[in-house]
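Data block below; observations after.
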RNA sequence: GGUUCCGUAGCUCAGUUGGAUAGAGCAACAGCCUUCUAAGCUGUGGGUCGAGCGUUCGAGUCGCUCCGGAAUCACCA
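Numbering (the working numbering), first residue to last: 3 to 626.
Next comes the structure, spelled out in structure tokens:
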């Protein structure tokens, strides 16, 4: 009796142990397990110790039979035999000693291993059990990371370049916090400086008291109008002086409007009430306009810094550093940093009239932020045209003894260019953010209405769907390209809705949603889908292979700061699913096991697409 | 001129420690809806991966030299 009981407990224990063990193997990456097995194989066949880096496992290319491929070339030194023979021998050994391997073939120096269906289905079951699909990308030591993005100037509305900036910044936030970091979204508003005074001066001179209300214009666009107006008047003055025989450089500094601008900046820094009031009023207009655009883009911030605050901190820091002999004062009393020891140039930090420059405020902002958050990393989402600026910023901070400056990272992204080159305001080729957003939603509406699949929705519901589709088209179009690279936008050809696009991915998602609505109607319990893992089709396994790549894609997107990886992954997955959807019937399948398996595949696909697009800041409609 | 980045199909882009016959989409052409959404799927054509040399069993990927383009080197931001 006692022995029987003991035996039973022992048996149960072993079953449990086996189950846990199995689960562990399935959860681990097959590449890692294979690597171990191959190491053992080489040890036992050739009696040699192999270093891990010599065992190269990759996924088998689609044109060949198999799931994983071992590159045998590096192992020839142990086998002292031909690549073919070596591959055969190792393949045979794996077949006999590792039950997940159910077949192999050798082509040239490549050993293609076939993994059993049941292993794949078992693997998939674990994927299906995941809640967020981000479990496996969680970082071991979470950091406090500030992400600065957007950084608008208050003298003009946002344009296409800003859109790329905002989308990258926000997506970076989603990705980094998705893998477990503590991320703070910040924005630095360039609300001071000569350029701001330009639009203020132009409004004062030519505005006749015009306001957003009186003109019906969005505040940021109204202020932008005066910035342009300044420029055209200023140019006329400069040209006049040049015609009178002055050099271009002198004409530019001595044109009356420029003189007045500089006076205004001095007054502003001195706190002159009239200038400050005007500044405040125009800022209010601009911020209201920006808020609307941010809302449409779906981005927001945890903390907004203003240069009008931080430049003062910057000035203090500069003066302090001067005292400590980190900087020097020129004969005209301007203050400079000599960065020749660091391999860079001289850098101006305070003008001869004592006013601050761009670098001054950036120093102040960095120090202020460190004091506020004690970040591990401070990521600046700023265009690659400022690469040198950030190199200098970091060098100066280090010079001043701020060792945390090592955590400053310039996330340098490429410019958005038009087919004829850079966007230029003087040529009127700036692509305005608000216009573009509106245009995308109009196109989404046209396409949608033509297809006519939403006739049972109210107008409000339809508008919401058009908004999601239009924004997805725009966002995906921008995020799918490698952030580091310059990209071309052709306004003449409107952004596509077919092929490698946001709407295509949304469409795939809505198809899956549609299947599940139908399944509910059929009375299928989609919450608890049972199936065993003995058989699966090639297309089904292809899908599983792609699904398993999600977490590693997110991980590399996080470490490499590249939302584009996730965007392209979502596209690949959608394409794969659409093929599956085309080739197989899901609800029409009579065998319940198979049907449930396909439903589960569809479900996990939809979850991962949803999550991937969420990491990009792209919303998914349930129908379209 | 110095520094940095980029050249992949007609166009827009993938191609992550070097691996097999370099991939998608758009555009063009030819097919597939009585069926879970055709914003989809299948097929055809299109490439001396800017050029050359080198390292390697193997190079779009690494190194060097050219060619072409961009950014930056402001008392602009």
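Note that the Cβ used here is the ideal one computed from N, Cα and C, for glycine as well.
For residue 572, the first and last residue of its enclosing alpha helix (DSSP H) = 565-585
Roughly how many angstroms separate the alpha carbons of residue 189 and residue 156, rounded to a whole number?
-> 13 Å
Go through its chain and collect everything with a Cβ distance to residue 258's Cβ below 7 Å, but skip five positions before and after it.
-> 239
Indicate whether residue 73 and residue 58 have their beta-carbon atoms separated by less than 8 Å.
-> yes
What residue from 498, 126 and 292 has the CA that sits closest to residue 225's CA?
-> 292
For residue 609, which three-state DSSP category applies?
-> helix
With a threshold of 16 other CB atoms inside 10 Å of the CB of residue 26, please say whether the residue is buried or exposed.
-> Residue placement at residue 26 is poorly supported in this model, since its pLDDT is 37, which falls under 50; the coordinates still yield a value, given next. Result: exposed.
Leaving out the 5 sequence neighbours to the left and right, which residues in its chain are closer than 6 Å to residue 407 when beta-carbon positions are compared?
-> 396, 399 and 400
Backbone CA spacing between residue 500 and residue 164 [nearest angstrom] | 25 Å
Confirm the yes/no value for this check: CB of residue 208, any heavy atom of the ligand ZN, distance under 7 Å.
-> Ligands displayed in this structure: none; no statement on the ligand ZN is therefore possible.
In its own chain, which residues sit with a C-beta less than 8 Å from the C-beta of residue 117, not counting the 5 before and 5 after it?
-> 32, 69, 70, 102, 103 and 104
Would you kindly work out how many angstroms separate the C-alpha atoms of residue 620 and residue 479, rounded to a whole number?
-> 11 Å
Using the C-alpha atoms, what's the distance from residue 616 back to residue 609?
-> 10 Å
Looking at residue 357 and residue 1, is the spacing between their C-beta atoms short of 8 Å?
-> The structure shown has nothing for residue 1, since the chain only spans 3 to 626.
How long is the line joining the alpha carbons of residue 184 and residue 336, rounded to whole angstroms?
-> 40 Å
Assigned secondary structure, residue 59 (DSSP; H/G/I helix, E/B strand, else coil) | strand
Burial state of residue 560 (16 or more Cβ within 10 Å) = buried
Which term fits residue 614, buried or exposed, when burial requires 16 or more other beta carbons within 10 angstroms of its beta carbon?
-> buried
Around the C-beta of residue 309, are 16 or more other C-beta atoms found within 10 angstroms, so that it is buried, or is it exposed?
-> buried
In whole angstroms, what is the alpha-carbon distance linking residue 482 and residue 299?
-> 16 Å
Nearest CA to the CA of residue 459: which residue from 623, 344, 393 and 487?
-> 623
Under 8 Å between C-beta atoms of residue 346 and residue 388 = no
Give the straight-line distance between the Cα atoms of residue 507 and residue 95, rounded to the nearest whole angstrom.
-> 43 Å
Stretch-stretch touch, CB-based, cutoff 8 Å, three pairs: the stretch 508-517 with the stretch 138-151 | no
How far does the alpha helix (DSSP H) with residue 73 in it reach, from first residue to last?
-> From DSSP, residue 73 is part of no alpha helix (DSSP H) but of the beta strand (DSSP E) over 70-73.
Have a look at residue 464 and residue 443 and give me their C-alpha separation to the nearest angstrom.
-> 11 Å
Apart from the five residues on each side of it in sequence, which residues of its chain come closer than 8 Å, Cβ to Cβ, to residue 262?
-> 203
Among residues of its own chain, excluding the 5 on either side of residue 606, which ones have a beta-carbon nearer than 7 Å to its beta-carbon?
-> 129, 130 and 549
Go to residue 305, then tell me how far its beta strand (DSSP E) extends in each direction, as first and last residue.
-> 305-308
So, helix, strand or coil for residue 417, using DSSP?
-> coil
Spatial distance of residue 413 from residue 557 (CA atoms) | 17 Å
Taking the C-alpha atoms as reference points, what is the distance between residue 222 and residue 286?
-> 9 Å
Give the straight-line distance between the Cα atoms of residue 276 and residue 314, rounded to the nearest whole angstrom.
-> 20 Å
Coil, strand or helix - residue 92 by DSSP = helix
Where the alpha helix (DSSP H) through residue 368 begins and ends | 360-375
Backbone secondary structure at residue 197 - three-state DSSP | helix
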